[in-house]
Amino acid sequence: MAIVNGSCRFGLWHVHVAWQDDLVYRVRFAREGLDGPVPEEILRYCAGRPADLSSLRSVATEGESTSARIYRAVHGVPCGETVTYGEVARMVGTVPRAVGSAMARNPTPLVVPCHRVVAKTGIGGFTPDPAIKEALLAMEGRTSGPCTPEKGGVNR
DNA sequence: CCAGGCTTGGAGG
DNA sequence: CCTCCAAGCCTGG
9 MAIVNGSCRF GLWHVHVAWQ DDLVYRVRFA REGLDGPVPE EILRYCAGRP ADLSSLRSVA
69 TEGESTSARI YRAVHGVPCG ETVTYGEVAR MVGTVPRAVG SAMARNPTPL VVPCHRVVAK
129 TGIGGFTPDP AIKEALLAME GRTSGPCTPE KGGVNR
């Protein structure tokens, strides 16, 4: 079985996904869509329905490199919560800028929820557009949001 | 090998 | 409150 490529809609964006079973190789936000399926959880998530993105695995978390450990730490951040670059750095034993670099190169956004990693003083960055990060966090902040956080605590 | 990054905390104005 | 800056380190080219 080969790797499957597909996309679904998230607001004005198209979410491209390269995947196979529960393993995701690549996720990226693009202006244009492409034909093909995406994992059920990602489809539900993008549609604003209850979804558990952490049930998917990412190739980014494989290995023992520093970035892999950073991605694993971020993979464990639950929906509805956020952490700062500095907090992730302390968990992994590195520095905030290394975390920022890793997030900027995250091959699988959503599956490794880099949008839940914010700066201590603000929302932090997001490629290709910080507006996506804001939209994702706003969506997850709702008590009846897609991942139904137990306590509807929005972080900031 | 080197430039630069989705940071941070402290110093100083 | 705000600007400035070095620390510290990982990665792509």
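According to our numbering, the first sequence is numbered sequentially starting from 9.
Beta carbons are placed, not taken as given, at the ideal position from N, Cα and C, and that holds for glycine.
Check	Outcome
Quick check on I140: buried or exposed, where buried means 16 or more other Cβ atoms within 10 Å of its Cβ?	buried
Taking the DSSP output, what are the residues bridged to V170?	In the structure as shown, the chain begins at 9 and stops at 164. Residue 170 is therefore absent and cannot be evaluated.
Using only alpha-carbon positions, find the residue among A68, T116 and H22 that is nearest to G44.	H22
Could you have a look at Q28 and say whether DSSP puts it in helix, strand or coil?	strand
Assign A55 to one of three DSSP states: helix, strand, or coil.	coil
Going by the CB atoms, is the gap between V82 and V32 shorter than 7 angstroms?	no
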